[in-house]
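For reference, the structure is listed below as structure tokens.
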Amino acid sequence: MKNILLLTDFSENSETAIHYALQLHQGESCNFILLHVQKASNYTSDDLMVSQATTSVHTSILGETKKKLENIRHGLEKQYTSKKFSFEVLVDYDSFTDAIEQAVKMKKIALIVMGTNGATNAKEVLFGSNTVKVIRSVSCTVLAIPQHTTFTKPRTVLYALDYFENFDSLSTNPLLDLLEKFKSTLKILKIKEDETVTEAEKNDIIAMKEKFSNVRHTFHTMINIPTALAIESFVQIMNIDITAVVLHDESLLERFFKGSETSKISYGSKIPLLVLKRGKV
Numbered sequence: 001m002k003n004i005l006l007l008t009d010f011s012e013n014s015e016t017a018i019h020y021a022l023q024l025h026q027g028e029s030c031n032f033i034l035l036h037v038q039k040a041s042n043y044t045s046d047d048l049m050v051s052q053a054t055t056s057v058h059t060s061i062l063g064e065t066k067k068k069l070e071n072i073r074h075g076l077e078k079q080y081t082s083k084k085f086s087f088e089v090l091v092d093y094d095s096f097t098d099a100i101e102q103a104v105k106m107k108k109i110a111l112i113v114m115g116t117n118g119a120t121n122a123k124e125v126l127f128g129s130n131t132v133k134v135i136r137s138v139s140c141t142v143l144a145i146p147q148h149t150t151f152t153k154p155r156t157v158l159y160a161l162d163y164f165e166n167f168d169s170l171s172t173n174p175l176l177d178l179l180e181k182f183k184s185t186l187k188i189l190k191i192k193e194d195e196t197v198t199e200a201e202k203n204d205i206i207a208m209k210e211k212f213s214n215v216r217h218t219f220h221t222m223i224n225i226p227t228a229l230a231i232e233s234f235v236q237i238m239n240i241d242i243t244a245v246v247l248h249d250e251s252l253l254e255r256f257f258k259g260s261e262t263s264k265i266s267y268g269s270k271i272p273l274l275v276l277k278r279g280k281v
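Residue numbers (the UniProt record's numbering): 1 to 281.
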């Protein structure tokens, strides 16, 4: 059974992400853990007033939060009646990423699903700071769902590798599972500084052909284009349903979300992003 962590802050965005996750995993045996991380800064004077003398503020507020999570769980159990699905609720009072990392280890989590919680303006759509923190700090595959995403079966999936990245077979196992389940077509995009083909790249192509031999796949290249802009353009042109990347170092994260200093491009896709961790199954 696959254990999947569903992060919620009780927002519309997190609700969208939860429903996307459940529809994506229909037919699989999954245990979904609903997690809310309570921050001390969220406590108000009203909370202090309603807390009973015999009950700590900490216990009182976490109790109310757990009730909200239980309500969500009951709603999901009514809507998704598959016997292959089970649900748990979890409330933690800790730093955001520490709480998630603890849950990942304690529950043997295979996938974290969360909303992007991005700020939008006329020029760009930004991933929220919490999403970036989880992607950066937590040692688990993350599926980030933009607001207002409607689930459709992923017919075409993009796997993007940037300038200095070599193929890591182990980390792409979750991607392969997704492709095989939905019989998706895989577009493999290598973003490069020039047209030179190195021996390492040749070896990567051989390895990827072997890894993805059971799924339809094609190879593509974009030359001397900032990572974020290259991915965004490719997604639009090829009608991509999910983008997958392997996070191999901090610099990729910076290039992916911010682009170069001159391009001022931020990741603004309106499709889900699957962030795989190097060396993780």
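Cβ coordinates follow ideal geometry from the N, Cα and C atoms, glycine included.
Helix or strand or just coil, what does DSSP make of Ile271?
coil
His36 bridges to which residues according to DSSP?
For His36, which the question treats as bridged, DSSP gives the partners Val91.
Output the distance between the C-alpha atoms of Glu28 and Ile4, rounded to the nearest integer angstrom.
11 Å
Name the two residues that bound the continuous beta strand (DSSP E) containing Val235.
Counting along the chain, Val235 falls outside any beta strand (DSSP E), though it belongs to the alpha helix (DSSP H) covering 227–238.
Quick one: which unbroken alpha helix (DSSP H) runs of 4-plus residues sit fully inside the segment 124–150? Chain order, please.
129–137
Cβ neighbour criterion (16 or more within 10 Å) applied to Met1
exposed
Out of Leu161, Tyr93, Leu24, Phe32, point me to the one whose CA is closest to Phe234's CA.
Leu161
Under three-state DSSP, which class holds Met208?
helix
Less than 8 Å between the C-beta atoms of Leu163 and Glu195, yes or no?
The sequence shown places Tyr at residue 163, rather than the Leu named in the question. Not closer than 8 Å, so no.
Where does Glu106 land, buried or exposed, given buried means 16+ other C-beta within 10 angstroms?
Position check: residue 106 holds Met in this sequence, whereas Glu was assumed. It counts as exposed.
Kindly indicate which residue of Thr150, Tyr93, Arg155 has the alpha-carbon position closest to the one of Gly115.
Thr150
If you reduce the DSSP assignment to three classes, tell me which class Ile100 lands in.
Taken through DSSP and simplified to helix, strand or coil, Ile100 comes out as helix.
What span of residues does the alpha helix (DSSP H) with His217 cover, start to end?
Counting along the chain, His217 falls outside any alpha helix (DSSP H), though it belongs to the beta strand (DSSP E) covering 217–223.
For Ser137, count neighbouring Cβ atoms within 10 angstroms of its own Cβ and tell me buried if that reaches 16, exposed if not.
exposed
To the nearest whole angstrom, what separates the beta carbons of Glu167 and Ala207, a pair I think is in contact under 8 Å?
According to the sequence as given, residue 167 is Phe; it is not Glu. That pair is a contact at about 5 Å.
8 Å contact criterion, which Leu90 and Pro174 should meet: CB distance rounded:
Going by Cβ atoms, the distance from Leu90 to Pro174 rounds to 22 Å, so no, they are not a contact pair.
Does the segment 133–147 come close enough to the segment 9–17 that 3 or more CB-CB pairs lie under 8 Å?
yes
With DSSP as the reference, identify every bridge partner of Met114, one or two as the case may be.
Ala144
Exposed or buried, what is His25 when buried is set at 16 or more other beta-carbons lying within 10 Å of its beta-carbon?
Around the Cβ of His25, a 10 Å sphere holds 16 or more other Cβ atoms; the residue is buried.
What are the boundary residues of the beta strand (DSSP E) that includes Lys2?
2–7
Residues in its own chain within less than 6 Å of Val37 by CB, not counting five upstream and five downstream?
If we look at Val37 and ignore the five residues flanking it on each side, its Cβ neighbours are Asp92, Phe96, Ala99.
Taking the DSSP output, what are the residues bridged to Tyr20?
The partner list for Tyr20 (beta bridge, DSSP) is empty, contrary to what the question assumes.
Taking Val246 and Glu165 to be in contact with their CB atoms under 8 Å, please state how far apart those CB atoms are, rounded to whole angstroms.
7 Å
Quick one: grab the DSSP three-state call for Asn31.
In the structure shown, Asn31 sits in a strand (DSSP, three-state: E or B).
At which residues does the alpha helix (DSSP H) containing Leu178 begin and terminate?
173–182
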